[in-house]
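Trainee:
In this note's numbering, the protein residues as written are 109 to 392.
1) With a threshold of 16 other CB atoms inside 10 Å of the CB of residue 296, please say whether the residue is buried or exposed.
2) Look at residue 286 and residue 270 and say whether their C-beta atoms are less than 9 Å apart.
3) Where do the N-terminal and C-terminal ends of the alpha helix (DSSP H) with residue 217 fall, by residue?
4) Nearest to residue 385 by alpha carbon, out of 361, 323 and 341?
5) Bridge partners for residue 292 per DSSP, in chain order?
6) Could you spell out the range, first to last residue, of the beta strand (DSSP E) harbouring residue 152?
7) Give me whichever residues DSSP pairs with residue 145 in a beta bridge.
8) With 16 as the cutoff for other CB atoms within 10 Å, does residue 315 come out buried or exposed?
9) Can you check the region 199 to 270 for any alpha helix (DSSP H) of at least 4 residues that lies completely inside it and give the ranges in chain order?
10) Could you tell me the distance, in whole angstroms, from the CA atom of residue 132 to the CA atom of residue 228?
11) Closer than 6 Å by C-beta to residue 226: which residues in its own chain qualify, once you throw out the five before and the five after it? Chain order, please.
12) For residue 207, which residues from the same chain have a beta carbon less than 6 Å from its beta carbon, with the 5 sequence-adjacent residues on both sides left out?
13) State the DSSP-derived secondary structure class of residue 194, mapped to helix, strand or coil.
14) Restricting to Cα atoms, I'd like to know which of 244, 188, 362 and 216 is closest to residue 253.
15) Out of 209, 246, 150 and 257, which one is the CA nearest neighbour of residue 222?
16) Measuring CB atoms only, is the region 189 to 198 touching the region 163 to 179, in the sense that at least three cross pairs come out at less than 8 Å?
17) Once you ignore the five residues that flank residue 284 on each side, which residues in its own chain have a CB closer than 6 Å to its CB?
18) Quickly, what does DSSP pair residue 171 with across the bridge? List them, please.
19) Excluding the five sequence neighbours on either side, which residues of its own chain have a C-beta within less than 7 Å of the C-beta of residue 180, listed in chain order?
20) What's the gap between the Cα of residue 263 and the Cα of residue 185?
21) With a floor of 4 residues, list each alpha helix (DSSP H) that falls wholly inside the region 298 to 330, ordered by position along the chain.
22) For residue 145, which residues of its own chain have a beta-carbon under 7 Å away from its beta-carbon, when the five flanking residues on both sides are left out?
23) Please state whether the Cβ-Cβ distance between residue 312 and residue 243 is less than 9 Å.
24) What distance in whole Å lies between the Cβ atoms of residue 219 and residue 194, which are believed to be in contact at a cut-off of 8 Å?
25) Taking all protein chains shown into account, do 16 or more other C-beta atoms lie within 10 angstroms of the C-beta of residue 347, making it buried, or fewer, making it exposed?
Right under this line is the structure:
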């Protein structure tokens with residue numbers, strides 16, 4: 109099993125660790141970066157520390173995640189830098205209802221006119237701007253956004269030739285959504301997965317009145333994600349898979365830089381171990 113650096117997992121699959129919540133968000137979360145191509149129809153348009161992905165089909169696009177509220181402008185700049193108009197974005201999706209992945213969606217929705225689609229279990233949090241469940245850092249709110257269409261586990265979002273499957277992988281939030289699709293990479297078909305976060309990241313595992321089923325949900329999600337196949341893993345925090353290091357390898361001539369079939373399994377197993385340790389600590 110490939111060992112993912114602990115520092116990468118801690119930052120990349122954390123949304124609200126106590127340290128990040130008490131202080132200002134890490135500077136890297138709002139550090140602009142140029143957009144880049146990952147597969148034939150998937151582009152990175154986020155910041156250095158928070159991912160936002162643009163998925164294309166016949167000149168129209170789906171945008172996955174809005175990151176921080178202050179990142180909406182840089183994301184829009186990246187979309188336009190790729191040669192697209194904001195109104196080309198027809199659908200906006202979300203991985204989960206936490207401020208570092210959802211706070212920018214309200215502005216992005218207004219500016220693009222796109223339809224916002226999200227998992228049923230996160231609808232209330234998104235529309236109130238208030239995450240649900242107890243944490244060790246309090247509540248970090250974000251701009252509320254209306255969900256235009258509600259998703260259920262296994263639903264498929266379609267735009268042109270794009271077909272994105274929504275898999276409910278709760279725990280990190282009640283509606284944490286893993287997205288998957290097949291796309292071509294230099295003409296070769298690849299299974300691509302955008303896994304939702306599976307870190308504890310400050311969530312209370314014991315005595316969580318706002319989310320009493322959190323432990324069972326995490327364990328179910330480990331099983332579900334562990335059974336999924338992925339050749340390319342694109343996380344909501346790029347550090348967890350070394351996304352920018354892979355981009356550098358691609359620029360150096362490695363055409364398969366983003367391809368690593370066993371990576372998702374390794375992430376799941378290490379996250380599962382970390383979860384059980386945290387649960388044991390809280391139970392004591």
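Glycine included, every Cβ here is placed at the ideal spot set by N, Cα and C.
Mentor: From the atom records:
1) Around the Cβ of residue 296, a 10 Å sphere holds fewer than 16 other Cβ atoms; the residue is exposed.
2) No. Outside cutoff.
3) Residue 217 -> alpha helix (DSSP H) spans 213 to 220.
4) The closest CA to that of residue 385, considering only 361, 323 and 341, is found on 323.
5) Answer by DSSP bridge pairing, in chain order: 297.
6) Boundaries of the beta strand (DSSP E) harbouring residue 152: 150 to 152, taken from the DSSP string.
7) In the DSSP output, where bridge partners are listed per residue, residue 145 has 151.
8) Counting the other CB atoms within 10 Å of its CB gives residue 315 a total below 16, which places it among the exposed residues.
9) Entirely contained in the region 199 to 270, the alpha helix (DSSP H) runs reaching 4 residues are, in chain order, 207 to 210, 213 to 220 and 231 to 236.
10) Each residue's alpha carbon lies about 30 Å from the other.
11) Same-chain partners within the cutoff: 202, 234 and 255.
12) 248 and 250, listed in sequence order.
13) Helix.
14) Residue 253 has its Cα closest to that of 216, out of 244, 188, 362 and 216.
15) Among 209, 246, 150 and 257, the Cα nearest to that of residue 222 belongs to 257.
16) Short answer: they touch.
17) Within the same chain, residue 284 has close Cβ partners 204, 277, 278 and 304.
18) Residue pairing by DSSP puts residue 171 in a beta bridge opposite 162 and 200.
19) So the qualifying residues of the chain are 174, 212, 215 and 216.
20) Rounded to the nearest whole angstrom, the CA to CA distance from residue 263 to residue 185 is 30 Å.
21) Complete alpha helix (DSSP H) runs here, min 4: none at all.
22) Taking residue 145 as the centre and dropping the five residues before and after it, the same chain places the C-beta of 151 closer than 7 Å to its C-beta, in chain order.
23) Their beta carbons are under 9 Å apart, which means residue 312 touches residue 243 by this criterion.
24) Residue 194 to residue 219, Cβ: 5 Å. Contact.
25) Result: buried.
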